[in-house]
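Chemist: Structure incoming, see below.
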Amino acid sequence: MAGAPIIDLILRLWPRARDEGVVADPSDLDLLLATQGAPGAPGRECGLRHTFACFGADREASLALPTGERISQDGEARFVGHLLATRLLLAAGLSIDERVTRAMCDAYGLSWTASTGGNYHQTPLALAVSLWLVALDPLSATDRPLPIGWDADCFSDARRWDPEYRLFSHYDIRERALDWTTWVSAAAARRDGVSIWTIAEPLLRMRDDSRARLALAQLDDAGDQGAPAASAASMLERNRVALLLRSAEAVDSR
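In terms of my numbering, the sequence shown has 140 at position 7, counting the first letter as 1, and numbering is strictly consecutive.
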């Protein structure tokens with residue numbers, strides 16, 4: 134991840150945005166917003182203009198998540214970088230900014246709107262990170278249509294997107310995401326290479342839904358089978374989420 138200052142910025146700002154909904158210096162968010170649609174942003178070559186370029190176009194992208202997962206494939210790293218950027222902006226309170234809404238829509242367009250279910254043409258890790266967008270979307274329970282820019286060439290493949298099914302609401306995406314969590318939590322092979330805690334943390338914010346509670350229970354019972362080996366720092370990050378789950382379970386059992 135050396136040489137990726139935007140990713141470094143995102144990961145530095147994330148803990149406070151996640152826990153308190155603020156960042157110390159809002160101008161840091163302006164630096165992030167300035168990368169929207171820049172060279173290196175995922176989907177830019179096929180018409181997307183609202184994704185974030187967390188890596189330059191002249192280098193292979195790779196990144197490591199605080200929970201220990203590493204991404205070495207260029208396309209996946211760029212997409213996950215966009216998800217991390219959008220997640221931060223939503224958590225910091227910019228959900229009313231059209232740039233952030235459009236960024237979220239591009240993320241959903243490249244994932245949850247695919248006409249074939251299961252993997253939605255993204256890796257389990259990318260889908261796990263994208264759960265945060267659903268969890269942080271203040272309109273996720275509404276039937277308000279998402280302004281996805283379907284005219285982009287990225288969405289022209291009829292094998293991946295149904296050209297007759299282009300109307301998605303915030304609620305539709307939430308439903309698909311929660312259905313996926315129950316599916317992926319039922320078998321370790323479906324989440325290969327992903328720590329259960331990466332999936333669990335955004336689900337904790339959606340546990341008013343029975344599917345989120347079921348997925349959390351299944352993940353907790355399964356443990357981190359097949360998860361990548363992690364450093365002590367990453368294990369501490371996973372343990373932070375485990376403690377949140379225990380606390381939530383204690384509250385729910387009262």
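A virtual CB, placed ideally from N, CA and C, is assigned to each residue, including glycine.
Enumerate in chain order the residues of its own chain whose CB-to-CB distance from I140 is below 8 angstroms, with the five nearest sequence positions on each side excluded.
Modeler: Reading the sequence shown from its first residue, position 7 is the one you call residue 140. So the qualifying residues of the chain are M134, C187, F188, L196, G214, L217.
Chemist: Among S380, R292, W313, R177, which one has its Cα closest to the Cα of L347?
Modeler: Locating residue 347 in the sequence shown gives position 214, counting from the first residue. Residue W313 is the option with its Cα nearest to L347.
Chemist: With distances taken Cα to Cα, identify the nearest neighbour of L269 among E297, C179, D276, L227.
Modeler: On the sequence shown, residue 269 is found 136 positions in, with the first residue counted as 1. Among E297, C179, D276, L227, the Cα nearest to that of L269 is on L227.
Chemist: Of all the options L378, Q206, I329, L223, which has the alpha carbon lying nearest to the alpha carbon of I143?
Modeler: Numbered from 1 along the sequence shown, position 10 holds the residue referred to as residue 143. The option with the nearest alpha carbon to I143 is L223.
Chemist: What residues in its chain sit with their C-beta under 8 angstroms from that of W303, if we drop five residues either side in the sequence?
Modeler: What you label residue 303 is simply residue 170 of the sequence shown in a count that begins at 1. One point to set straight first is that residue 303 is His, not Trp, in the sequence displayed. Excluding sequence neighbours, H303 sits near D270, L272, S273, A274, T275, D276, R277, L279.
Chemist: What are the boundary residues of the alpha helix (DSSP H) that I281 is part of?
Modeler: In the sequence shown, the residue the question calls residue 281 occupies position 148. Neither: I281 is in no alpha helix (DSSP H) and is coded neither H nor E.
Chemist: Pull up the distance between the alpha-carbon of L181 and that of R299, whole angstroms please.
Modeler: For this step, residue 181 is matched to residue 48 along the sequence shown. For this step, residue 299 is matched to residue 166 along the sequence shown. Roughly 16 angstroms separates the two Cα atoms.
Chemist: Do the region 307-322 and the region 256-264 touch if we need at least three Cβ pairs shorter than 8 angstroms?
Modeler: yes
Chemist: If you reduce the DSSP assignment to three classes, tell me which class V140 lands in.
Modeler: Taking the sequence shown and counting its residues from 1, the one referred to as residue 140 is at position 7. With the sequence shown as reference, residue 140 is identified as Ile, and Val is not the correct amino acid for it. Here I140 sits in helix by DSSP.
Chemist: With distances taken Cα to Cα, identify the nearest neighbour of P257 among D230, A350, I204, R149.
Modeler: Indexing the sequence shown from 1 puts residue 257 at position 124. Of the listed residues, the one whose Cα sits closest to P257 is I204.
Chemist: Between N252 and the rest of its own chain, which residues show a CB-CB distance below 8 angstroms, the 5 nearest in sequence each way excluded?
Modeler: What you label residue 252 is simply residue 119 of the sequence shown in a count that begins at 1. Excluding sequence neighbours, N252 sits near L260.
Chemist: If you follow the alpha helix (DSSP H) that F212 is in, where does it begin and where does it stop?
Modeler: In the sequence shown, residue 212 corresponds to position 79, counting from 1. Per DSSP, F212 belongs to the alpha helix (DSSP H) from 207-224.
Chemist: Do V156 and A225 have their C-beta atoms within less than 8 angstroms of each other?
Modeler: In the sequence shown, the residue the question calls residue 156 occupies position 23. In the sequence shown, the residue the question calls residue 225 occupies position 92. The answer is yes: Cβ separation under 8 angstroms.
Chemist: For L378, which residues of its own chain have a beta-carbon under 7 angstroms away from its beta-carbon, when the five flanking residues on both sides are left out?
Modeler: Position 245 of the sequence shown, counted from the start, is the residue given in the question as residue 378. Answer for L378: A333, L337, L349, D353, listed in chain order.
Chemist: Rounded to whole angstroms, what is the Cα-Cα separation between E153 and G208?
Modeler: Reading the sequence shown from its first residue, position 20 is the one you call residue 153. Reading the sequence shown from its first residue, position 75 is the one you call residue 208. Cα-Cα distance, rounded: 31 angstroms.
Chemist: Leaving aside the five residues before and after L324 along the sequence, list all residues of the same chain whose C-beta is less than 7 angstroms from its C-beta, in chain order.
Modeler: Position 191 of the sequence shown holds residue 324. As written in the sequence, residue 324 is Arg, which differs from the Leu given in the question. If we look at R324 and ignore the five residues flanking it on each side, its Cβ neighbours are P257, V317, I332.
Chemist: With DSSP as the reference, please indicate the residues paired to Q169 in a beta bridge.
Modeler: Reading the sequence shown from its first residue, position 36 is the one you call residue 169. Q169 is bridged to F185.
Chemist: Give every residue of the same chain whose Cβ lies closer than 6 angstroms to the Cβ of T246, excluding the five residues on either side of it in the sequence, and list them in chain order.
Modeler: Reading the sequence shown from its first residue, position 113 is the one you call residue 246. Taking C-beta separations shorter than 6 angstroms and ignoring five residues to either side along the sequence, the partners of T246 in its chain run F301, following chain order.
Chemist: On the three-state DSSP scale, how would you describe I332?
Modeler: Translated into positions along the sequence shown, residue 332 becomes position 199. In the displayed model, I332 falls within a helix according to three-state DSSP.
Chemist: Quick one: grab the DSSP three-state call for L198.
Modeler: Locating residue 198 in the sequence shown gives position 65, where the first residue counts as 1. In this structure, L198 counts as coil in the three-state DSSP scheme.
Chemist: Pull the bridge partners of R203 from the DSSP assignment, please.
Modeler: Here residue 203 refers to the residue found at position 70 when the sequence shown is read from its first residue. Note: R203 sits in a beta bridge opposite A197.
Chemist: Residues in the same chain with beta-carbon distance under 6 angstroms from Y241, minus the five sequence neighbours each way, listed in chain order, please.
Modeler: Locating residue 241 in the sequence shown gives position 108, where the first residue counts as 1. Within the same chain, Y241 has close Cβ partners I306.
Chemist: Which two residues bound the contiguous alpha helix (DSSP H) that contains T256?
Modeler: For the purposes of this step, residue 256 is taken as the residue at position 123 of the sequence shown. Secondary structure note for T256: it is in no alpha helix (DSSP H), with a DSSP letter that is neither H nor E.
Chemist: Under three-state DSSP, which class holds S160?
Modeler: Against the sequence shown, residue 160 aligns to sequence position 27. It is helical.
Chemist: W330 and R389 - do their beta-carbons sit closer together than 8 angstroms?
Modeler: Nothing in the structure corresponds to residue 389, since the chain is present only between 134 and 387.
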